[in-house]
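J.: In the working numbering, the protein residues as written are 101 to 252. Quick one: the structure is below, questions incoming.
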């Protein structure tokens, strides 16, 4: 899965984001540049988080930005990866809602989307993988994590 992010150029490494809204926009950039999503998709995600709360923070340090399945502005099913050096807070009263790893989901194929979600969930259940991702600084680190921890 990490190899796919690198090969498709669906990744970004950044120092920080000024807000969770900016972090979501940044996490969508690689997918937008590849034509997977339109520019308005990031705003759709922001609107959903504003309405429903930080449901996209699935565990401490990890966010999975996404909108409704079949959302407007999604042209392909894909996942984008972004890692921030400094965490962004989705809820200032709950440090468990801070995130540095972003896996942005775009879906127009329910079966492929479900498969992506299962692979992603499996990967994130491995603490060593999450710890390694939090230390990653460049695409080569993603490939190394893939080889050493996932391709066993």
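Quick reminder that beta carbons are idealized off the backbone N, C-alpha and C, glycines included.
Touch check for the region 208-219 and the region 239-249: three-plus C-beta pairs under 8 Å?
T.: Touching, no, given that fewer than three Cβ pairs across the two stretches are closer than 8 Å.
J.: By a C-beta neighbour count over all protein chains shown, 10 Å radius and 16 as the cutoff for buried, is residue 164 buried or exposed?
T.: With 16 or more Cβ atoms within 10 Å of its Cβ, residue 164 is classed as buried.
J.: To which residues of the same chain is residue 161 closer than 8 Å at the C-beta, ignoring the five residues directly before and after it?
T.: The residues are 187, 198, 199, 200, 201, 230, 234.
J.: Considering only the beta carbon of each residue, do residue 203 and residue 111 sit closer than 7 Å?
T.: No.
J.: Distance check for residue 130 and residue 238, CA to CA, integer angstroms please.
T.: The alpha-carbon atoms of residue 238 and residue 130 are separated by roughly 15 Å.
J.: Output the boundary residues of the beta strand (DSSP E) element that contains residue 161.
T.: Residue 161 -> beta strand (DSSP E) spans 161-163.
J.: Could you please give the first and the last residue of the uninterrupted beta strand (DSSP E) stretch that includes residue 185?
T.: Looking at the DSSP string, the run of the beta strand (DSSP E) that includes residue 185 is 178-189.
J.: Report the partner residues of residue 204 according to the DSSP bridge assignment.
T.: DSSP output for residue 204 lists 180 as bridge partner(s).
J.: Considering only C-alpha positions, which residue in the set 105, 250, 236 is nearest to residue 225?
T.: Measuring from the Cα of residue 225, the nearest candidate turns out to be 250.
J.: Pick helix, strand or coil for residue 156, following the three-state DSSP scheme.
T.: In the structure shown, residue 156 sits in coil (DSSP, three-state: anything other than H, G, I, E or B).
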